[in-house]
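According to my numbering, the stretch in the sequence shown is residues 30 to 311, in order.
Here is the structure we will look at, set down as structure tokens.
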Amino acid sequence: MSAGILLLGDRGMLGRAFRELLAARQRPFTGFDLPGLDIAEPGQVGPLFAKPWSTVINCAAYTNVDGAETDEMAALRANGTAPGVLAAACARTRVPLVHFSTDYVFAGNARTPYAVDAPLQPLGAYSRSKAAGEVAIRQSGAEFLIVRSSWLYAPWGNNFVRTMARLTRDKPEVKVVNDQRGRPTCAQHLAASTLALLDRGKRGTLHVTDGGECTWYEFTVEIARLLGRTTIIRPCTTAEFPRPAPRPAYSVLDLALTEAILGPMPDWRTNLANVVARLEPL
Ligand SMILES: NC(=O)c1ccc[n+]([C@@H]2O[C@H](COP(=O)([O-])OP(=O)(O)OC[C@H]3O[C@@H](n4cnc5c(N)ncnc54)[C@H](OP(=O)(O)O)[C@@H]3O)[C@@H](O)[C@H]2O)c1
Numbered sequence: 030m031s032a033g034i035l036l037l038g039d040r041g042m043l044g045r046a047f048r049e050l051l052a053a054r055q056r057p058f059t060g061f062d063l064p065g066l067d068i069a070e071p072g073q074v075g076p077l078f079a080k081p082w083s084t085v086i087n088c089a090a091y092t093n094v095d096g097a098e099t100d101e102m103a104a105l106r107a108n109g110t111a112p113g114v115l116a117a118a119c120a121r122t123r124v125p126l127v128h129f130s131t132d133y134v135f136a137g138n139a140r141t142p143y144a145v146d147a148p149l150q151p152l153g154a155y156s157r158s159k160a161a162g163e164v165a166i167r168q169s170g171a172e173f174l175i176v177r178s179s180w181l182y183a184p185w186g187n188n189f190v191r192t193m194a195r196l197t198r199d200k201p202e203v204k205v206v207n208d209q210r211g212r213p214t215c216a217q218h219l220a221a222s223t224l225a226l227l228d229r230g231k232r233g234t235l236h237v238t239d240g241g242e243c244t245w246y247e248f249t250v251e252i253a254r255l256l257g258r259t260t261i262i263r264p265c266t267t268a269e270f271p272r273p274a275p276r277p278a279y280s281v282l283d284l285a286l287t288e289a290i291l292g293p294m295p296d297w298r299t300n301l302a303n304v305v306a307r308l309e310p311l
């Protein structure tokens, strides 16, 4: 008998969305995260596969984009090597692997949305580690579903919506970059859409984000509007906010394949309103 779903990184932002979703749907699962399980330690991963899982969903990742610039090895271990080890174990035990990747695997200099088969051109250390993870899974022989997403937010965890909810509460004025364009993604929407794709037997690489697109400035204006904040929000350029890791200027992921399967993705303003209504204490 199947042991249900093995959910890795279940304490992270997306992991928690999966925990809530799987519990609500009464789908049996077992979750692991640091410090109990380090997916970058093959000696810890191997024994997990003694159980007959139905699917492995990997939400575990090194997600400190700027931190990766000074510790690329840590990012590579968790995001590049570990997915390959997981995929090899999945191939051996014939269990499908669901894994998450990012808009950062692309250079971000396009003018039209990135198709799922657009060439990988990662710019920074985090981006390189995530691209390495994709490649390792594709080469493993495992049955896999890689879901690329972007700009994740949820009522919990470390994310842009919660940061801006706090800053627009605490500061009279906030400057936000207005020359990076992408697609925000509600973590609960990402989890539900991924489960729907999985249940329909979809495999390969697909994109899931909210519908529509915006800049970080436009995203912030809507967050503040929903919260009734009176803070002044000023648009600025990326050059005014230098960060250790390069950020893609245009990272809109093409949704055509996914929408042909699941129908239109809900607009980011709709998903954002639902998340803002549930925001946990800041
Ligand atoms: N956040 C975004 O905007 C975004 C955008 C596109 C794609 N993604 C992808 O979506 C996935 C989920 O991201 P998220 O935002 O939910 O990340 P998150 O909140 O940082 O959660 C990741 C979880 O993995 C854990 N973890 C880190 N290294 C691990 C290891 N070696 N072994 C086991 N667990 C480990 C983390 O524990 P600690 O907290 O203790 O480190 C954390 O609980 C990732 O693959 C990420 O690359 C995220």
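Just so you know, even glycine gets a beta-carbon here, dropped at the ideal spot from N, CA and C.
Check, Outcome
"Inter-residue Cα distance where the pair is F189 and D283", "22 Å"
"Y246 CB to nearest heavy atom of ligand 1 below 6 Å", "no"
"Complete runs of the beta strand (DSSP E) confined to the stretch 245–305 [at least 3 residues]", "261–265"
"Extent of the continuous beta strand (DSSP E) run through I68", "It is not in any beta strand (DSSP E) - I68 carries neither H nor E in the DSSP assignment."
"7 Å Cβ cutoff met for S280 and G211", "yes"
"Distance cut-off 6 Å: M42 Cβ against heavy atoms of ligand 1", "yes"
"When A136, A79, L235 and I262 are compared against V127, the one with the closest alpha-carbon", "L235"
"Residues sharing a beta bridge with E202, DSSP", "I261"
"Per DSSP, the bridge partner or partners of R177", "S130 and H236"
"Exposure label - M30; buried when at least 16 CB within 10 Å", "exposed"
"Residue of Y246, V237, A253 and D199 minimising C-alpha distance to F270", "Y246"
"7 Å Cβ cutoff met for C88 and G38", "yes"
"Rounded Cβ spacing between W82 and P213 (contact assumed at less than 8 Å)", "That pair is no contact at about 31 Å."
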